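Peer 1: Residue numbers (the UniProt record's numbering): 1 to 284.
Every residue gets a Cβ at the ideal spot worked out from N, C-alpha and C, and that includes glycine.
This one's a predicted model, so the numbers in the text were calculated from it and none came from an experiment.
Okay, handing you the structure first.
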């Protein structure tokens, strides 16, 4: 571990230890960023030498929970990954089902501030959970890189006083992956990003839940076909597939199988985006 990463890591440890003393809740998506926070917190909980005489190990264990939202906007694979990680780390985990019928109607219009609307509504459920468990601080996996790109959900986090320790400590995405490797969090160190399925539709396109399910199933098929990193964007009636450019040849070799499977979901036109996989292409 290089010196800069070690300084950031030690700062993160101190911050989380401070949060733990009054009860801590982690919004765990199942991805790399929040997964690292789960791993770091678990190491603290398992390291008795960091505790003062006032705060015993069992006290801390009862003061930390990871929560994951169950919603059609995220893949079931992510919920499974979150559950598996928490089991491996031996930390408390709670799944919060999201009733889409109770979500703000404005969300389904898929506006540009969709993430703000969604996060604010969902994190209110976390706040309620924390009040029941007497947990004073909520953290999420926002990192330093996220601060320089379009992320309307950040405003919701600020309004609800959700902390983002990775961003606060200056962790970039690459540093998060590096630290995950250093801590031997092998299940998340190289895990591909898996953003909300609403990002697969252009702004202003109605968020139709059955449609998002078809997109999820189509992406799962691509994962099983060797394309761990992929996005299926839907521009009615065209499907635009994003994969890394170095996998184009492999993709075309499986073209017939892929077209057949995706068309079986009801999609009419299937295209491969020759610009390749990129984050936030709907914001371009």
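State buried or exposed for residue 19, treating a residue as buried only when at least 16 other CB atoms are found within 10 Å of its CB.
Peer 2: Numbered from its first residue, the chain shown carries residue 19 at position 19. Residue 19 comes out buried.
Peer 1: Express the C-alpha separation of residue 97 and residue 182 in angstroms, rounding to a whole number.
Peer 2: The sequence position of residue 182 within the chain shown is 182, counting from 1. The sequence position of residue 97 within the chain shown is 97, counting from 1. Whole-angstrom Cα-Cα distance: 33 Å.
Peer 1: Quick check: what's the CA-CA separation for residue 140 versus residue 229?
Peer 2: Here the question's residue 140 lines up with position 140 in the chain shown. Here the question's residue 229 lines up with position 229 in the chain shown. Distance between the alpha carbons of residue 140 and residue 229 is about 23 Å.
Peer 1: To the nearest angstrom, how far is the alpha carbon of residue 55 from that of residue 167?
Peer 2: As a working mapping, residue 55 is identified with position 55 in the chain shown. As a working mapping, residue 167 is identified with position 167 in the chain shown. With a pLDDT of 49 at residue 55, under the threshold of 50, the modelled position of that residue is not reliable, and the figure given next carries that caveat. Going from the Cα of residue 55 to the Cα of residue 167 covers about 27 Å.
Peer 1: Tell me the DSSP bridge mates of residue 70?
Peer 2: The residue given as residue 70 occupies position 70 in the chain shown. Per DSSP, 97.
Peer 1: Taking one C-beta from the segment 25-37 and one from the segment 66-81 each time, how about it: are there three or more such pairs within less than 8 Å?
Peer 2: yes
Peer 1: Reducing DSSP to helix, strand and coil, say where residue 155 ends up.
Peer 2: For the purposes of this step, residue 155 is taken as residue 155 along the chain shown, with counting starting at 1. Note: residue 155 maps to helix in three-state DSSP.
Peer 1: With which residues is residue 137 paired in a DSSP beta bridge?
Peer 2: For the purposes of this step, residue 137 is taken as the residue at position 137 of the chain shown. BP columns for residue 137 point to 24.
Peer 1: The beta strand (DSSP E) that contains residue 239, what's its start and end?
Peer 2: As a first step, residue 239 must be located in the chain shown, where it is residue number 239. According to the DSSP assignment, residue 239 belongs to the beta strand (DSSP E) that extends over 238-242.
Peer 1: Excluding five sequence neighbours on each side, which residues of the same chain lie with their C-beta closer than 7 Å to the C-beta of residue 215?
Peer 2: Residue numbering aside, residue 215 sits at position 215 when the chain shown is read from its first letter. Around residue 215: 197, 200, 232 and 234.
Peer 1: Please classify residue 199: does DSSP put it in a helix, a strand, or coil?
Peer 2: Within the chain shown, the letter at position 199 stands for residue 199. In the structure shown, residue 199 sits in a helix (DSSP, three-state: H, G or I).
Peer 1: Mark residue 253 as exposed unless 16 or more other C-beta atoms lie within 10 angstroms of its C-beta, in which case mark it buried.
Peer 2: Here residue 253 refers to the residue found at position 253 of the chain shown. Residue 253 comes out exposed.
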